[in-house]
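S.K.: All letters in the sequence shown, in the order written, are residues 0 to 451 by numbering that gives the first Met the number 0. I am attaching a structure below and will ask some questions about it afterwards.
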Amino acid sequence: MAGGLSLAGLIGAASFAVTVMATPTPSDDSSETVMGAATPSAALLPMTETPRPDSPLAANWDRASLGVDSEAQSDLLNRPYSIEIEIAPGDTLMSVLQDAGIDRPVAYRAIEALSEVFDPRGLRPKQTMEVDIMPPLPNGVSRLAELRFHPDGLRDVIVSPEGEGFTATESVRSLTDHVVRTDGQIDSSLYVAARDAGVPVRVLGSLINIFSFDVDFQREVQPGDRFSLMFSEKRTDDGETVDFGSILVAEMTVGGTLKRFYQFQDDDGRIDYYDAKGQSVRRALLRTPVEGARISSGFGKRKHPILGYTKMHKGLDFAAPSGTPIYAAGDGVVEAAGWNGGYGRYIRIRHNGTYSTAYAHLSRIDSRIKPGARVDQRQIIGYVGTSGRSTGPHLHYEVHVNGRQTNPLGVKLPTGKTLAGAELARFERVRAEIEQQYAAIEPRTQVAQIVD
0 MAGGLSLAGL
10 IGAASFAVTV
20 MATPTPSDDS
30 SETVMGAATP
40 SAALLPMTET
50 PRPDSPLAAN
60 WDRASLGVDS
70 EAQSDLLNRP
80 YSIEIEIAPG
90 DTLMSVLQDA
100 GIDRPVAYRA
110 IEALSEVFDP
120 RGLRPKQTME
130 VDIMPPLPNG
140 VSRLAELRFH
150 PDGLRDVIVS
160 PEGEGFTATE
170 SVRSLTDHVV
180 RTDGQIDSSL
190 YVAARDAGVP
200 VRVLGSLINI
210 FSFDVDFQRE
220 VQPGDRFSLM
230 FSEKRTDDGE
240 TVDFGSILVA
250 EMTVGGTLKR
260 FYQFQDDDGR
270 IDYYDAKGQS
280 VRRALLRTPV
290 EGARISSGFG
300 KRKHPILGYT
310 KMHKGLDFAA
320 PSGTPIYAAG
330 DGVVEAAGWN
340 GGYGRYIRIR
350 HNGTYSTAYA
360 HLSRIDSRIK
370 PGARVDQRQI
380 IGYVGTSGRS
390 TGPHLHYEVH
400 VNGRQTNPLG
410 VKLPTGKTLA
420 GAELARFERV
430 RAEIEQQYAA
440 IEPRTQVAQI
450 VD
């Protein structure tokens, strides 16, 4: 845990709600009888809340009224029952345990033990916990037998009694990779079609990144175009999907042209995507540095919307809502970042000795973007705005070639790595294996979902 973090802060950090169904934990022999009668374990089932010492229910909690002798009462007192807790706004972990009948000092010690392996503030809405509770003693106080939950689907955490307190253990769940394939048709956008087909958000982000170098999503993609991808799921021994791996192959049919790219790790250990000839999909610059935007003004002469006279427009304008993230078009070094007259908030990045890009009218520049800072392709550098001489939220984007502003749509961008020799031969073997697996898997329109 981070230094200076108080336990009181941990206790009050997460919110919970308790489901009302309590389930007895079975004994070794569920048919056990006492004095010739079946032990009435089902008597605990109707309980929707544990009696507190000051409640009318506690006052009437007379075990003799169950009609069993003291030995049967003792057996009941030593059989835990389980409740399920679901995180929801309103309650704290401490109050939930107390509502379940756990005494405050006991709940405090349990949370203290839990905090050694997991920060309770990391609990998410709708996350569930299972709590085993020993039935209340005559004084109305329940006893905590065990607390179990999965923090992130990859781990199991258990809090159980030890001596006068509690101990917490954490174990990593055994996972296996399963390859799945998903196909779909685009009716409005790749994003909507892939989500409708059940592609998880994290996998979809990778899919868009792969094609962002080769496909102009604003102008080239049309209704009826198709996509397909094969990726891995990580599943537990009981078949639950808890995480996703990388995309092994991705394809799109755009305007009747098939584009397919395969994952490959080169001799330097870098993982990238290549076409069937071994040409990297990566380009020096992205086609568009802002997602989901439309071109509102092209490159060339136009009547200036504010000044009113015809003037050369030396870039592209992408209309997008204020606050939309703007990405660095390529790796490079920041040359300028700040206010620049009619450009408003402005960034210029040098990518190599030939290419630079500029971004104008931003609402905000990322705090890490300063002259001399290095940036990576697709790193967020700022946000769409309308600063400077502007009539509405948009990004003004320029590509400079040898210092001259050039039409971003017409510039011939340098390509990424081209495989050759032994490396190409190894890629061809990997590609053949991927294609064989890809052809053998039946596509499905829905894949397992987890919280993204």
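The beta carbon of each residue, even a glycine, is placed where N, CA and C say it ideally should be. Because the structure is a prediction, the values reported are computed rather than measured.
1. Count the other C-beta atoms from every protein chain shown that fall within 10 angstroms of the C-beta of S29, then say buried if there are 16 or more, exposed otherwise.
2. Spatial neighbours of A328 within its chain, please: C-beta separation below 6 Å, excluding the five flanking residues on both sides.
3. Pull up the distance between the alpha-carbon of D451 and that of R201, whole angstroms please.
4. Can you list, in chain order, the residues of its chain with a C-beta nearer than 6 Å to that of E145? Leave out the 5 residues immediately preceding and following it.
5. When burial is assigned at 16 or more other CB atoms within 10 Å of the CB, is V67 buried or exposed?
6. State the Cα-Cα distance for the pair N339 and Y345, rounded to the nearest angstrom.
7. Taking Cβ positions, are I463 and V220 nearer each other than 8 Å?
8. Just to check my reading of the structure: I84 and M133 have Cβ atoms closer than 8 Å, yes? What is that Cβ distance to the nearest angstrom?
9. Can you list, in chain order, the residues of its chain whose CB lies under 8 Å from that of Q453, leaving out five sequence neighbours each side?
10. Flag this pair as touching only if the stretch 185-196 and the stretch 156-174 have three or more C-beta atom pairs under 8 Å; answer yes or no.
11. Let me check understanding here. Comparing Cα to Cα, which of I82, H393 and R123 lies closest to P88?
12. Just to confirm, is the Cβ distance from I270 to Q262 under 8 Å?
13. Can you find the residues in the same chain that come closer than 7 Å, C-beta to C-beta, to P487, ignoring five residues on each side of it along the sequence?
14. If you draw a straight line from the alpha carbon of F216 to that of R281, how long is it in whole angstroms?
15. Is it true that the CB of A319 sits closer than 8 Å to the CB of V383?
16. For a test of the three-state rule: what should DSSP assign to R377, helix, strand or coil?
17. Rounded to the nearest angstrom, what separates G244 and S141 at their Cα positions?
18. Take Q404 and list the residues in its own chain whose beta-carbon comes closer than 7 Å to its own, dropping the five residues that flank it on each side.
19. Any idea which residues DSSP pairs V158 with across the strands?
20. Identify whether P324 lies in helix, strand or coil by the three-state DSSP scheme.
21. Inspect the beta-carbon positions of P442 and R234 and report whether they are closer than 8 Å.
22. Looking at the secondary structure, which residues open and close the alpha helix (DSSP H) in which L203 lies?
23. Between which two residues does the alpha helix (DSSP H) holding I433 run?
24. For V178, which beta-bridge partners are listed by DSSP?
25. Nearest to Q126 by alpha carbon, out of E111, I110, L92 and E115?
26. Excluding the 5 residues flanking G341 on each side, which residues of the same chain have their C-beta closer than 7 Å to its C-beta?
27. In whole angstroms, give me the CA-to-CA distance for D265 and E422.
28. Start and end of the alpha helix (DSSP H) containing I110?
29. Helix or strand or just coil, what does DSSP make of R363?
30. Within 10 Å of its beta-carbon, does S366 have 16 or more other beta-carbons around it, so buried, or fewer, so exposed?
31. With a CB to CB cut of under 8 Å and the five nearest residues on each side skipped, what residues in its chain are close to I209?
32. What's the C-alpha gap between V116 and T166?
33. Using 8 Å as the threshold, is the C-beta distance between V156 and M229 below it?
34. Measure the beta-carbon distance from A106 to Q97 and round it to whole angstroms, keeping in mind my assumption that it falls under 8 Å.
35. Who are the near neighbours of D316 in its chain, counting only those whose CB is closer than 6 Å to its CB and skipping five residues on each side?
36. Going by C-alpha to C-alpha distance, which of H350, I368 and E427 sits closest to N401?
M.R.: Let's see:
1. Since pLDDT at S29 reaches only 38, below the 50 mark, its modelled position is unreliable, and the value read off the structure follows with that caveat. That one is exposed.
2. L284, L285, P288 and T356
3. In this prediction, D451 scores a pLDDT of 41, lower than 50, which makes its location untrustworthy; the coordinate-derived value is nonetheless stated afterwards. Straight-line Cα distance between these residues: approximately 7 Å.
4. D131 and S159
5. Bear in mind that a pLDDT of 48 at V67, under 50, signals an unreliable position, so the number given afterwards is only what the model happens to contain. By the 10 Å Cβ count, V67 comes out buried.
6. 6 Å
7. In this structure the chain extends from 0 to 451, so residue 463 is not present and cannot be described.
8. With a Cβ gap of about 17 Å, I84 and M133 do not count as contacting.
9. Residue coverage of the chain in this structure runs from 0 to 451, which leaves residue 453 outside it and unanswerable.
10. no
11. R123
12. yes
13. Given that the chain is displayed from residue 0 to residue 451, the structure contains no residue 487 and the question cannot be resolved.
14. 16 Å
15. yes
16. coil
17. 44 Å
18. K313, G314 and E397
19. L146 and A167
20. strand
21. no
22. V200 to F210
23. G420 to A439
24. S231
25. L92
26. G387 and R388
27. 7 Å
28. R103 to L113
29. strand
30. exposed
31. I246, A249, F260, Y272 and V280
32. 10 Å
33. no
34. 6 Å
35. S295, S296, H393 and H395
36. H350
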